[in-house]
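The structure appears right after this line, and notes come after that.
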Amino acid sequence: MSKNLPYFRFYSDEWNSGLITVESMEAQGLFINICSLLWSKGEISVDHILKRFSGKCQGNPKATLEVLQADGLLTLTNDGKIEVKFIRDEMSKVDSYIEKQREYGRLGGLKQKGSPSHNKGKGKGKGKGKGKEVKESIKENISFPGNLNNDSFKQVFKLWLKHKSERKEFYKSTGLTTLLSRLSKIGSERSIKAIEYSISQNWAGIYEEKQSSTPKQSESDELFASAK
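Its first residue numbered 6, the sequence shown is counted upward by one per residue in this note's numbering.
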């Protein structure tokens, strides 16, 4: 039996147009009961069927079994067992599928355990591992505008990406490109100061320091808060 599923697939079209339809109603009833018992128990004997259904059938259950075998619907083995190819095939399909799913699960678990983000991202939400991969890819392929393409800015911007990573946030490629474009409008020096200040405040976006109160989304420096 397949212990993984309490049911087997029953194809009504195949039943309604198959060889079983030429059998007597008694034979059809006995056959579907045998299928059910095979799925539940894994194997059944001829003796079990004869004891179970003797007195419940109008005819002779043994003779009905022989008719079903003669018509190719089941097999009576030499050791007194009953086999139904349809049930055996369904068991094999289910067991094969379950084993594949277990293997996928094992491979997935090994992959996660080997990932640098396995412990840090555990239980923190869906898609964090993917975000880590995106961030790492972006770090290697950043295209800096000309006035930001210097070591000082790159060093600070690397700190900003690390800051975002620690907040479990990440940039998509379009968002990163837009952010750099906006930063380039105020130049390298102002951008560096804005990034350092925003990191110190643990903000999700980049803001320039003001003498007034904490910046709000409606203020002009919202320009640097993109792609959170």
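The beta-carbon is built from N, C-alpha and C at its ideal position, and this holds for glycine as well. Note that the structure is predicted; figures quoted are calculated from it, not measured.
Residue interval of the alpha helix (DSSP H) (run including residue i)
i, result
"K163", "156-171"
"K46", "30-46"
"A68", "66-75"
"N152", "Unbroken run through N152: none, as it is neither H nor E."
"W20", "17-22"
Burial state of residue i, where buried means 16 or more other Cβ atoms lie within 10 Å
i, result
"A232", "With a pLDDT of 39 at A232, under the threshold of 50, the predicted position of this residue should be treated as unreliable, though the coordinate-derived value follows. Buried: at least 16 other Cβ atoms inside 10 Å."
"E48", "exposed"
"V99", "buried"
"S22", "exposed"
"F158", "buried"
"P11", "exposed"
"P66", "buried"
"Y102", "exposed"
"S205", "exposed"
"A199", "buried"
"Y16", "exposed"
"L185", "buried"
Identity of the residues DSSP links to residue i by a beta bridge
i, result
"S186", "For S186, which the question treats as bridged, DSSP gives no partner whatsoever."
"K177", "Per DSSP, none; premise fails for K177."
"E88", "T80"
Selection from the options that minimises the alpha carbon distance to residue i
i, options, result
"K86", "D100, L70, E95", "L70"
"Q63", "M30, E214, Q74", "M30"
"F84", "Y109, L78, S50, K61", "Note that residue 84 is Asp in the sequence shown here, rather than Phe. Comparing Cα-Cα distances from D84 to each of Y109, L78, S50, K61, the minimum goes to S50."
"R172", "P150, G110, S203, Q160", "S203"
"G60", "S41, L35, K46, T26", "L35"
Beta-carbon proximity of residue i to residue j, cut-off 8 Å
i, j, result
"L164", "S196", "no"
"F162", "K169", "no"
"V89", "L24", "no"
"Q74", "T80", "yes"
"E95", "R14", "yes"
"I54", "I39", "yes"
Residue range of the beta strand (DSSP E) that includes residue i
i, result
"I54", "Careful: I54 lies outside any beta strand (DSSP E), inside the alpha helix (DSSP H) at 51-58."
"K198", "Unbroken run through K198 is the alpha helix (DSSP H), 192-205; no beta strand (DSSP E)."
Near the ligand HEM: residue i beta-carbon under 7 Å from a heavy atom
i, result
"R57", "Within the structure as shown, the ligand HEM is missing, as the structure has no ligands at all."
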